[in-house]
Each structure stands twice: as C-alpha cells, then as structure tokens.
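I have placed the structure first, in the form of structure tokens, so that the comments after it can refer back to it.
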Amino acid sequence: MPWEPNKLERERLEKLERLRQRGIDPYPNRTERTHSAAQAVADFLAAEAENIPVEVTVCGRIRAKRGPFADIYDGSGKIQIYIHKNNVGQDTFKTFQKDIDLGDFVQVRGEVFRTKTGEITVRATELKVLAKALSPLPVIKEKVVDGKVVRYTDFSDVEERYRQRYVDLAVNPDVRERFRTRARIIRATRDFLDSLGFLEVETPILHPVYGGAAARPFVTHHNQLHQDLYLRISFELYLKRLLVGMYDAVYEIGRDFRNEGVSFKHNPEFTQLEFYLAYSDYHGMMELVEKLFEHVAREVTGSTTITYQGHEIDLSPPWRRITLRQAIREHTGIDYAEHPDADSLREAMRKAGYEARPDDSWGKLIDHLLGSQVEPHLIQPTFVLDYPRDISPLAKMKPGDPTHVERFEFFIGGMEMGNAFTEINDPLDQEERFLEMGRLYKPDSEEAHPVDEDFLRALRYGMPPAGGCGVGIDRMTMLFTDQSTIREVLLFPHLRERG
RNA sequence: GGGCGCGUAGCUCAAAGGUAGAGCAGUGGCCUUUUAAGCCAUUGGUUGCAGGUUCGAGUCCUGCCGCGCUCACCA
Numbered sequence: 069m070p071w072e073p074n075k076l077e078r079e080r081l082e083k084l085e086r087l088r089q090r091g092i093d094p095y096p097n098r099t100e101r102t103h104s105a106a107q108a109v110a111d112f113l114a115a116e117a118e119n120i121p122v123e124v125t126v127c128g129r130i131r132a133k134r135g136p137f138a139d140i141y142d143g144s145g146k147i148q149i150y151i152h153k154n155n156v157g158q159d160t161f162k163t164f165q166k167d168i169d170l171g172d173f174v175q176v177r178g179e180v181f182r183t184k185t186g187e188i189t190v191r192a193t194e195l196k197v198l199a200k201a202l203s204p205l206p207v208i209k210e211k212v213v214d215g216k217v218v219r220y221t222d223f224s225d226v227e228e229r230y231r232q233r234y235v236d237l238a239v240n241p242d243v244r245e246r247f248r249t250r251a252r253i254i255r256a257t258r259d260f261l262d263s264l265g266f267l268e269v270e271t272p273i274l275h276p277v278y279g280g281a282a283a284r285p286f287v288t289h290h291n292q293l294h295q296d297l298y299l300r301i302s303f304e305l306y307l308k309r310l311l312v313g314m315y316d317a318v319y320e321i322g323r324d325f326r327n328e329g330v331s332f333k334h335n336p337e338f339t340q341l342e343f344y345l346a347y348s349d350y351h352g353m354m355e356l357v358e359k360l361f362e363h364v365a366r367e368v369t370g371s372t373t374i375t376y377q378g379h380e381i382d383l384s385p386p387w388r389r390i391t392l393r394q395a396i397r398e399h400t401g402i403d404y405a406e407h408p409d410a411d412s413l414r415e416a417m418r419k420a421g422y423e424a425r426p427d428d429s430w431g432k433l434i435d436h437l438l439g440s441q442v443e444p445h446l447i448q449p450t451f452v453l454d455y456p457r458d459i460s461p462l463a464k465m466k467p468g469d470p471t472h473v474e475r476f477e478f479f480i481g482g483m484e485m486g487n488a489f490t491e492i493n494d495p496l497d498q499e500e501r502f503l504e505m506g507r508l509y510k511p512d513s514e515e516a517h518p519v520d521e522d523f524l525r526a527l528r529y530g531m532p533p534a535g536g537c538g539v540g541i542d543r544m545t546m547l548f549t550d551q552s553t554i555r556e557v558l559l560f561p562h563l564r565e566r567g
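Positions 69 to 567 (the working numbering) are the ones given, in order, by the first sequence.
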C-alpha cells in the first residue's frame with residue numbers, strides 16, 4: 069500500500085522542506101563521528117580528574133528534548149547534548165528548536181562537561197542533521213530510580229511489534245539485547261562443536277526430494293530446469309552423505325522450512341542445528357547434548373542454572389534418562405508394552421480417558437501420549453529414550469527388541485528441544501524402512517514421502533556407525549532468554565499479510 | 001481448520017446503547033543547566049472493514065480482515 073502521510077508525518081515533511089530551503093542536506097553522505105556515546109563518556113571520566121578537555125563528535129538518534137538539552141542514543145548507549153545559541157549560533161539553535169524532532173539522527177561536536185546536576189554532556193559547537201525521521205517513533209519516557217531504568221511509556225502491541233520489528237528494536241532495548249543473546253548462543257554452539265573437531269558445512273536448501281523428517285514441504289519451481297524443488301524440511305540425509313564421504317564429524321546450523329501450523333513453538337521457517345558423529349551412537353549424542361547445553365549456559369549466563377517461566381532449571385550433567393515406556397507409565401499409568409498393537413493400545417487409552425484417534429498407528433498413539441501427557445511435565449532436562457520403530461524410520465533397531473529403536477528426544481522447560489538416534493547404516497534395512505513408511509500412508513497423502521534413491525545409493529557405499537542429533541535453536545533461545553513464544557526470539561516472525 | 005477473546009488519536013489507554021475522551025507526542029507561545037524538564041493555550045478520530053437492529057451503536061447482531069490464547073494438525 070502506498071504511503072499516505074498522517075498529520076504528524078506531514079508536519080515532518082514540511083520541516084524537511086524547510087531544512088532543504090536553508091541549504092541543509094537532511095540526508096548527508098558523510099559523518100565525522102569520533103566517539104560512540106559510551107566512548108565519549110568513558111574518555112571524559114578518564115580525563116576528568118586531571119581536568120583535560122575532551123572534544124568529541126558523537127552521532128545518534130534524538131530520543132528526548134528538555135529545554136536546551138537532548139538525549140541522543142547510538143548502539144553503545146546514550147549521552148546528553150547541550151545546545152545553546154551562544155555556542156552554535158542563532159540559526160542552528162532555531163533549527164534545533166523548530167525542525168529537529170524526536171527520532172532524527174544528528175551529529176554533535178563539542179567538549180564534554182558535567183552539568184550542575186552531574187550529567188555528562190556534550191556542549192555543542194556544531195550540530196548537523198544526519199537523517200530526518202519522517203515517521204514518529206513511539207516516545208520514550210524513562211528515568212533511573214535506584215540504578216534501574218523505569219519506563220513510563222510503552223510500545224507493547226504485539227502485532228505492531230512483530231510487523232514493525234525495526235520500531236520494536238529501536239525503542240525496546242530489552243528486545244535488542246535478546247537478539248544479542250541469540251547470537252551468543254549460536255556462537256557458543258559453534259565454538260563447542262568446532263573445539264571437538266566438527267566440521268561446519270552448508271548443504272542445499274532446495275531439495276529435489278524432501279526427507280529426514282515428517283513434515284509437509286514448501287514447493288517451488290526452477291523455470292529453466294522445468295523442475296519442482298522443495299525447501300528442505302531437514303538436513304539429515306545430506307549430512308549423512310558426508311559421513312559416507314569420510315568426514316567423521318559434521319554439523320550444520322541453518323533454516324528448515326515446514327508447511328505446518330503456526331504456534332507458540334512453531335514457525336514455518338526455523339533454525340536447526342544438526343550434528344553427526346561417526347563411531348558414536350545415541351549414548352554418545354546424549355553426552356554431547358549435555359555438554360553443549362552446559363557450555364552454552366556458562367557462556368551466555370555464566371551459570372548452569374537458569375530460570376524459565378518461573379522454574380529454576382539445572383542444566384549441569386548428567387541429565388535424567390528415562391525410557392519412553394517408563395515415562396508414559398509414570399504419567400498415564402499405561403504400560404504400552406502390555407498393548408502391543410494399535411487397537412489394544414487405543415482401547416486402553418480410551419478407557420483411561422485419553423483421546424485416541426482411530427487411524428493412528430501404534431507408534432503415533434504413543435507419541436501423542438508423550439506430547440500431551442508427558443512433555444508438559446518435563447521441566448528439568450530429561451532424555452526420553454527408546455522410541456517405537458514405526459515412527460522412527462532413520463533410527464537403528466534396538467538389539468533384541470524388534471519394536472524399539474535407539475532414539476531419544478530431550479525436553480527442557482516442558483518443551484521438546486531436540487531429537488537424536490543411532491543412525492541406520494544398513495542400506496537394505498534403510499530401504500525397507502522407507503518402504504514401510506510409504507505403506508503407512510495413502511498414496512496421495514502429502515505426508516507420504518518419496519524415497520530418496522540417491523541417499524540409499526550413498527549408503528550402499530558404506531556409512532560408518534554414527535550418532536546424529538538435531539536441536540531447535542529457536543527453542544534453545546526461548547529457554548535461555550526466558551521467552552514463552554518463539555516469535556519473541558525470531559527477528560521477523562511470520563505473520564499473515566494484512567487484508 | 002475449530003473454540004474463546006481482542007481491535008478506539010502517532011504511542012499507552014478510558015468511554016455500563018445517549019455529545020468519542022485522557023496522558024505522552026505534535027502545534028503556537030513562555031522559560032532556557034534540564035532529568036518522565038516546567039507553565040499557558042491548542043490541533044488531532046471513517047472507533048479494523050462491510051452490513052444489520054435501534055429514535056440513537058465504539059458498545060448489541062451477522063459476515064469478513066488481522067492479532068492473541070487454546071484445541072487440532074505437526075514420524
């Protein structure tokens with residue numbers, strides 16, 4: 069929709085025009101910054117005792133005006149400026165009063181001093197407009213009480229905060245800080261894996277065949293090749309090809325796309341970590357996951373204890389390990405081993421008062437019990453292990469147990485954070501498992517995955533025994549930033565187009 | 001997709017079917033070492049959109065749009 073300026077914006081357009089008429093460029097190409105706001109304060113404090121003058125040129129956005137004073141903010145913080153006609157001249161003073169608004173970017177040159185109330189301030193001798201803001205930002209009113217910043221104004225409408233995240237970031241420093249934390253989490257994750265000799269790789273996002281997870285894909289099309297392509301729903305099958313290619317340890321951090329419902333813990337595109345380690349198995353993955361979270365916690369919070377939604381959570385290893393069978397028995401009283409087929413399990417579930425869908429397989433029924441009855445209670449870090457074979461087509465069988473595979477999911481704060489298994493490396497078994505999965509779905513079902521023949525070809529050349537693991541980076545960020553919805557940890561969460 | 005709730009000025013919020021308001025921001029002044037600066041005056045609205053009920057609708061009803069919560073879906 070084209071821009072129709074509102075009243076406040078029209079006023080600012082007039083000011084813009086007045087600046088231009090006076091020969092002032094409201095959007096100059098060059099700035100002459102010598103100090104960030106924080107550096108100007110630091111330099112002044114260092115020189116203050118010996119009375120050495122500190123001359124600075126600072127740049128930033130005006131967020132408050134009080135008489136001849138204004139607060140300007142840059143990425144480092146804030147500093148007060150003092151504009152008086154004796155120092156900048158009558159014309160500039162008038163410009164400051166009349167045509168410079170809250171939200172504008174300006175550059176100020178002058179000596180740093182303390183006002184009589186003690187505020188460190190730049191006494192402007194020059195004032196230059198750097199960028200005129202045509203739309204008004206929500207106004208910030210805040211004051212420091214006992215060292216803490218108290219806010220009296222708000223930009224809190226969630227829809228507007230997400231649709232115009234730039235405004236949210238500009239006015240809400242806690243949001244800005246949260247995405248710095250997100251970056252620290254990812255950096256700490258890389259550092260951890262790199263230090264263990266993992267190789268970071270990049271595999272295709274456009275897949276000719278989708279696989280590695282149970283999800284509906286987004287479909288796109290390559291015009292020149294006349295070929296439909298799918299945005300990846302997982303990296304799994306490509307990373308395992310790299311094990312065939314003789315890398316012992318690989319990982320990828322990147323975006324997955326799933327054409328499914330949106331919720332407080334689901335976004336159509338989300339960031340995933342997957343790592344694979346040759347000559348390991350799901351026990352090895354558990355140890356790596358524990359150490360990864362311990363490392364990230366120390367790097368990001370300085371402690372292995374965090375608070376999530378009012379719960380104190382201890383991330384230090386070892387974490388609780390419980391079999392899926394035992395976990396479900398604990399929380400529902402149902403021992404699914406006593407109901408070894410879908411019909412009998414369904415009946416037991418209904419008798420116990422749980423919903424059980426008529427078409428679900430045995431494994432799916434168990435998975436639903438896990439999600440609805442167990443997961444919300446898994447606040448402290450917990451590995452739930454040994455999953456039904458029929459919902460785990462890429463995980464190796466548990467020796468001597470035809471119904472279970474060596475797979476775990478782990479949960480923290482009542483949320484699934486990741487999924488791992490001992491990887492199938494028997495190409496014939498893998499092929500059979502794909503075909504089995506195919507038979508579980510009707511031929512035209514969107515969830516019926518095509519068989520990735522090239523992946524099977526790769527396995528036939530030999531893949532070493534390996535453990536592999538996927539971790540949801542967004543959920544990990546929710547955990548470490550104490551957020552209850554994924555949208556608060558995505559810079560630009562997906563929203564419907566406005567009608 | 002279902003259920004429940006919400007949508008009023010740039011921002012945050014009032015208005016019990018009876019004149020659409022406040023604070024901040026803005027505008028015009030005054031003041032000019034202030035700290036949520038202050039004082040005086042003042043502008044600003046298709047109440048998400050479209051219908052309906054009513055003498056009268058921000059308020060009640062229907063549909064639509066968007067957001068939130070929730071359920072479903074999501075090996």
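Idealized CB from N, CA, C, for every residue including glycine.
- Relative to the Cα of Ile273, the nearest Cα in the group Leu264, Pro285, Gly481 belongs to Pro285.
- Straight-line spacing of the CA atoms in Phe343 and Thr193 works out to 57 Å.
- Across the structure, Tyr315 and Gly439 are spaced so that their CA atoms are roughly 35 Å apart.
- With respect to the 8 Å criterion, Leu311 and Ala281 are not classified as neighbours on the basis of their beta carbons.
- Excluding its 5 nearest sequence neighbours in each direction, Pro206 has C-beta neighbours in its own chain below 8 Å: Thr221, Asp222, Phe223, Val235, Val239, listed in chain order.
- Between the alpha carbons of Glu362 and Leu547 lies a distance of about 13 Å.
- For Arg555, there is no enclosing beta strand (DSSP E), as DSSP marks it with neither H nor E.
- Annotated three-state conformation of Val330 is coil, per DSSP.
- The DSSP assignment places complete alpha helix (DSSP H) segments of no fewer than 4 residues inside the stretch 328–378 at 350–369, in order along the chain.
- The C-beta distance from Phe489 to Val473 rounds to 6 Å, short enough to meet the 8 Å contact threshold.
- Within the model, the alpha-carbon separation for Thr339 versus Ala115 is close to 47 Å.
- Cβ neighbours of Leu305 within its own chain (closer than 6 Å, five residues either side excluded): Gly279, Gly280, Asp520, Phe523.
- For Tyr319, there is no enclosing alpha helix (DSSP H); the residue is found in the beta strand (DSSP E) stretching over 317–325.
- About 4 Å separates the Cβ atoms of Ser144 and Ala106, confirming a contact at the 8 Å cut-off.
- If you draw a 10 Å sphere on the C-beta of Gly530, you find fewer than 16 other C-beta atoms in it, and that means exposed.
- Gly538 places its beta carbon less than 8 Å from that of Asn487.
- Pairing Arg528 with Pro495, the inter-Cα distance amounts to about 5 Å.
- Taking 8 Å as the cut-off, the Cβ atoms of Leu307 and Thr257 do not count as close.
- Look at Gly536 here: in three-state DSSP terms it is strand.
- Judged by beta-carbon spacing, Gly536 lies within the 8 Å limit of Glu491, meaning their Cβ atoms are closer than that value.
- For Val239, the uninterrupted alpha helix (DSSP H) segment begins and ends at 233–239.
- Where Val126 is concerned, the enclosing beta strand (DSSP E) starts and stops at 123–134.
- Going by DSSP, Gln394 is part of the alpha helix (DSSP H) stretching over 392–400.
- Distances from the alpha-carbon of Phe502 to those of Arg182, Leu462, Thr125, Arg191 put Leu462 closest.
- Arg543 is a Cβ neighbour of Lys333, given a cutoff of 8 Å.
- With a contact defined as Cβ atoms closer than 8 Å, Val442 and Ala405 miss out at about 16 Å.
- Around the beta-carbon of Ser460, 16 or more other beta-carbon atoms lie within 10 Å, marking it buried.
- Taking 8 Å as the upper bound for CB-CB distance, Thr249 and Val368 are in contact here, some 6 Å apart.
- Shortest Cα-Cα distance from Val174 to any of Pro444, Glu380, Gly128, Arg507 involves Gly128.
- Between Val109 and Ile147, the gap from beta carbon to beta carbon is short of 8 Å.
- Within the same chain, and ignoring the five residues on either side of His152 in sequence, the residues whose Cβ sits closer than 6 Å to its Cβ are Pro136.
- For Arg86, the enclosing alpha helix (DSSP H) covers residues 75–89.
- In the three-state DSSP reduction, Phe247 falls in the helix class (H, G or I).
- Around the Cβ of Pro456, a 10 Å sphere holds 16 or more other Cβ atoms; the residue is buried.
- By the criterion of a C-beta distance shorter than 6 Å, Glu228 is surrounded by no residue of its chain, once the five residues flanking it on both sides are discounted.
- Taking a cut-off of 8 Å for Cβ pairs, the stretch 150–168 and the stretch 181–193 touch, as three or more such pairs fall below it.
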